[in-house]
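Asks: Numbering (this note's numbering), first residue to last: 752 to 1170. C-beta atoms are modelled at their ideal positions from N, C-alpha and C, and glycine is treated no differently. Quick one: this structure, given as structure tokens, is what I'll be asking you about.
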Ligand code: EPZ
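As structure tokens, this is what we get:
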């Protein structure tokens, strides 16, 4: 069993480069099904989730070449068949469901295992399926699978009850080869949705309005080969910004798009963290007095739910009462229990966590309960007194490239062990 051990109390220094965004590259890999040709992804993040979704594509006969040294992935979908992907793999990672839109668009029919929920919530797919039916697909369920059939997809106007990132992406990908125009209203505006639209347009699609709550797609006959570099990971960048704050260190974070970081910058500034935007980098100085704040996670451009756990670690040692309200997922406070093992004073009341800042956290044996919770426990360990041993770190490897190497290069006392 692999574990990460962090010895707390050390200041960090230096600079760290941000990898490409997991939540941009996953839908982009799914969308490579649409052109039936070659797609090259440049500066791809070598993450566990990326290897899972490329294995899903291999299970439907895509040809994949992953060059880990040069961080390049070449995907050839010319021989993809409309067969059912490996259900073990699909259940392993919810984002695999993002291949449904491209597969219906290209083949007019597709059957896939229902994606697992995960521990942060039930993760329904009703909005994805509402989109596909609006475009003319017949959707049916049975034996743990969902199947869609469409002799032809016709553009339509679709209103999303909730600005779901995945549903917006799946519907966008289904609509690019549909006949006529599709309008997605109350669409998700996350940077990763914008990046997918850019990618689709680089293949010859006609997508406009991505980043706003109304996205228009005019169907085209076919899409072509492309090469593409995904956007940097705003959540990885935010995680290292919190690392500077929680250890009261000064760090330079390179490669992040500052316009994607505004909600995180605003909240950290409110706490008292000093930040200055440089050329293609941001300098974070956490050596300051902090004050408690309230946070409410919201769809972009609100405060991102994927940064909620990391902020809980920081606020656990900021004097006063802070309240975090999680509006996106129904069960995304499991890291609170782990932080309490480290001496944090947190009460959960429905969708809110009430945090009374304590003087210091103390090192303890804890477990990552999901990807971002794992990162939050590393952050807490950096500030805690003594050793923190983190289990179930496979969660962390799903979404962070070489996280301990990056922290080691900043001077952290962190190691990965095999127990
Ligand atoms: C994406 O998940 C991200 N994953 C998540 O990141 C992120 O937390 C989430 O967006 C919100 O920003 C990827 O991009 C691969 P949603 P997604 O559909 O698309 C409800 C991480 O840590 N909903 O926007 O699954 C759903 O229940 C991961 O990197 C429906 O009700 O998120 C949830 O409450 C975690 N019906 C809310 O919308 C649907 O059909 C947000 O889900 C779909 C979603």
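Given the structure, does residue 1056 come close to the ligand EPZ, in the sense that its CB is under 8 Å from one of the ligand's heavy atoms?
Replies: Counting from one through the chain shown, the residue named residue 1056 turns up at place 305. Yes, the beta carbon of residue 1056 sits closer than 8 Å to at least one heavy atom of the ligand EPZ.
Asks: Compare the C-alpha of residue 1116 against each of 1104, 1109 and 1089 and name the closest.
Replies: Sequence index remark: in the chain shown, residue 1116 carries index 365 (1-based). When each option's Cα is compared against that of residue 1116, the closest is 1089.
Asks: Using the Cβ count rule (16 or more neighbours within 10 Å means buried), how would you classify residue 819?
Replies: What you label residue 819 is simply residue 68 of the chain shown in a count that begins at 1. Answer is exposed; the Cβ neighbour count stays below 16.
Asks: Grab the span of the beta strand (DSSP E) containing residue 1005 for me, first residue to last.
Replies: Taking the chain shown and counting its residues from 1, one reaches residue 1005 at position 254. Note, residue 1005: beta strand (DSSP E), 1001-1005.
Asks: Cβ of residue 914 within 8 Å of any heavy atom in the ligand EPZ?
Replies: Residue numbering aside, residue 914 sits at position 163 when the chain shown is read from its first letter. Yes; taking the cut-off as 8 Å, the Cβ of residue 914 has a heavy atom of the ligand EPZ nearer than that.
Asks: For residue 1045, which residues from the same chain have a beta carbon less than 6 Å from its beta carbon, with the 5 sequence-adjacent residues on both sides left out?
Replies: As a first step, residue 1045 is located in the chain shown; it is residue number 294 there, counting from the start. So the qualifying residues of the chain are 1074.
Asks: Looking only at its own chain, which residues have a Cβ that is under 8 Å from the Cβ of residue 985, when we skip the five neighbours before and after it?
Replies: Translated into the one-based positions of the chain shown, residue 985 becomes position 234. Excluding positions up to five away in sequence, the list reads 772, 942, 1007, 1008, 1011, 1012, 1015 and 1055.
Asks: Among 1103, 1095 and 1100, which residue has its Cα nearest to the Cα of residue 1109?
Replies: Within the chain shown, residue 1109 is the residue found at index 358, counting from 1. Residue 1095 is the option with its Cα nearest to residue 1109.
Asks: For residue 1022, which of 1005, 997, 1033 and 1003 has the nearest alpha-carbon?
Replies: Residue mapping note: residue 1022 aligns to position 271 of the chain shown, counting from 1. Taking only the C-alpha atoms, the option nearest residue 1022 is 997.
Asks: Based on Cα-Cα distance, which residue from 1066, 1102 and 1069 lies nearest to residue 1080?
Replies: Numbered from 1 along the chain shown, position 329 holds the residue referred to as residue 1080. Looking at the Cα atoms, 1102 is the closest of the given residues.
Asks: Please determine, among 899, 840 and 1097, the residue with the shortest C-alpha to C-alpha distance to residue 884.
Replies: In the chain shown, residue 884 corresponds to position 133, counting from 1. Cα-wise, what sits closest to residue 884 is 899.
Asks: Quick one: what does DSSP say residue 975 is sitting in, helix, strand or coil?
Replies: Within the chain shown, numbered from 1, the residue matching residue 975 stands at position 224. Residue 975: coil per DSSP, three-state reduction.
Asks: Just list the alpha helix (DSSP H) runs in the region 976-1057, keeping only unbroken ones of 4 residues or longer that don't cross its boundaries, in chain order.
Replies: 985-997 and 1013-1022, all fully within the region 976-1057.
Asks: Nearest to residue 882 by alpha carbon, out of 911, 786, 1146 and 754?
Replies: For the purposes of this step, residue 882 is taken as the residue at position 131 of the chain shown. When only C-alpha atoms are compared, the closest one is 911.
Asks: Does the distance from the CB of residue 918 to the CB of residue 856 come in under 9 Å?
Replies: Locating residue 918 in the chain shown gives position 167, where the first residue counts as 1. Locating residue 856 in the chain shown gives position 105, where the first residue counts as 1. Contact: no.
Asks: Have a look at 862, 908 and 1002 and flag the residue whose alpha-carbon is nearest the alpha-carbon of residue 897.
Replies: The residue you call residue 897 lines up with position 146 of the chain shown. The shortest C-alpha separation from residue 897 is found at 862.
Asks: Determine the closest residue to residue 875 out of 846, 806 and 858, with distance taken between C-alpha atoms.
Replies: If you number the chain shown from 1, residue 875 lands on position 124. When only C-alpha atoms are compared, the closest one is 846.
Asks: Grab the span of the beta strand (DSSP E) containing residue 745 for me, first residue to last.
Replies: A question about residue 745 goes unanswered here, because the residues of the chain that appear run from 752 up to 1170.
Asks: With H, G and I counted as helix, E and B as strand and the rest as coil, what does DSSP make of residue 860?
Replies: Stepping through the chain shown from its first residue, residue 860 is reached at position 109. Strand.
Asks: Do residue 777 and residue 849 have their C-beta atoms within less than 9 Å of each other?
Replies: The residue you call residue 777 lines up with position 26 of the chain shown. The residue you call residue 849 lines up with position 98 of the chain shown. Yes. Within cutoff.
Asks: Do three or more CB pairs link the region 932-950 to the region 755-768 at distances below 8 Å?
Replies: No, they do not touch.
Asks: Would you say residue 989 touches the ligand EPZ, meaning its beta carbon is less than 8 Å from a heavy atom?
Replies: As a position in the chain shown, residue 989 is number 238, starting the count at 1. Not so, every heavy atom of the ligand EPZ lies at least 8 Å from the Cβ.
Asks: Which of the three DSSP states, helix, strand or coil, is assigned to residue 832?
Replies: On the chain shown, residue 832 is found 81 positions in, with the first residue counted as 1. In the structure shown, residue 832 sits in coil (DSSP, three-state: anything other than H, G, I, E or B).
Asks: For the putative contact between residue 1147 and residue 1122, defined by C-beta atoms under 8 Å, what is the C-beta separation to the nearest angstrom?
Replies: On the chain shown, residue 1147 is found 396 positions in, with the first residue counted as 1. On the chain shown, residue 1122 is found 371 positions in, with the first residue counted as 1. Right, their Cβ atoms sit about 7 Å apart.
Asks: Tell me where the alpha helix (DSSP H) around residue 905 begins and ends.
Replies: Translated into positions along the chain shown, residue 905 becomes position 154. Looking at the DSSP string, residue 905 is not in any alpha helix (DSSP H), and its letter there is neither H nor E.
Asks: Below 9 Å between beta carbons: does that hold for residue 752 and residue 1030?
Replies: Along the chain shown, one-based indexing puts residue 752 at 1. Along the chain shown, one-based indexing puts residue 1030 at 279. The answer is no: Cβ separation not under 9 Å.
Asks: Helix, strand or coil for residue 803, going by three-state DSSP, please let me know.
Replies: The residue you call residue 803 lines up with position 52 of the chain shown. Helix at residue 803.
Asks: What's the C-alpha gap between residue 971 and residue 780?
Replies: Here the question's residue 971 lines up with position 220 in the chain shown. Here the question's residue 780 lines up with position 29 in the chain shown. When rounded, the distance between both Cα atoms is 20 Å.
Asks: For residue 1073, which of helix, strand or coil comes out of DSSP?
Replies: Here residue 1073 corresponds to residue number 322 of the chain shown, with the count starting at 1. Of the three classes helix, strand and coil, the one that applies to residue 1073 here is strand, per DSSP.
Asks: So residue 1112 packs on residue 1135, CB below 8 Å; how close in whole Å?
Replies: As a first step, residue 1112 must be located in the chain shown, where it is residue number 361. As a first step, residue 1135 must be located in the chain shown, where it is residue number 384. The pair is a contact, with the Cβ atoms about 4 Å apart (cut-off 8 Å).
Asks: Please go through the same chain and pick out, in chain order, the residues whose beta-carbon is closer than 6 Å to the beta-carbon of residue 1037, but skip the five residues on each side of it.
Replies: Along the chain shown, read from residue 1 onward, the residue named residue 1037 stands at position 286. Correct list, in chain order: 995, 996, 999, 1000 and 1024.
Asks: Would you kindly work out how many angstroms separate the C-alpha atoms of residue 793 and residue 977, rounded to a whole number?
Replies: On the chain shown, position 42 is the one that residue 793 refers to. On the chain shown, position 226 is the one that residue 977 refers to. About 11 Å.
Asks: Taking the C-alpha atoms as reference points, what is the distance between residue 1057 and residue 1063?
Replies: Translated into the one-based positions of the chain shown, residue 1057 becomes position 306. Translated into the one-based positions of the chain shown, residue 1063 becomes position 312. If I take the Cα positions, the gap works out to 11 Å.
Asks: For residue 931 and residue 879, what's the separation of their Cα atoms in angstroms?
Replies: On the chain shown, position 180 is the one that residue 931 refers to. On the chain shown, position 128 is the one that residue 879 refers to. Approximately 19 Å between the Cα atoms of the pair.
Asks: Could you check if residue 1084 is buried or exposed, using at least 16 other CB atoms within 10 Å of its CB as the buried criterion?
Replies: Residue 1084 sits at position 333 when you count from the first residue of the chain shown. Counting Cβ neighbours within 10 Å, residue 1084 comes out buried, since at least 16 surround it.
Asks: Residues in its own chain within less than 6 Å of residue 934 by CB, not counting five upstream and five downstream?
Replies: Start at 1 with the first residue of the chain shown, and residue 934 comes out as number 183. Excluding residues within five positions, the ones whose Cβ falls inside 6 Å are 908 and 967.
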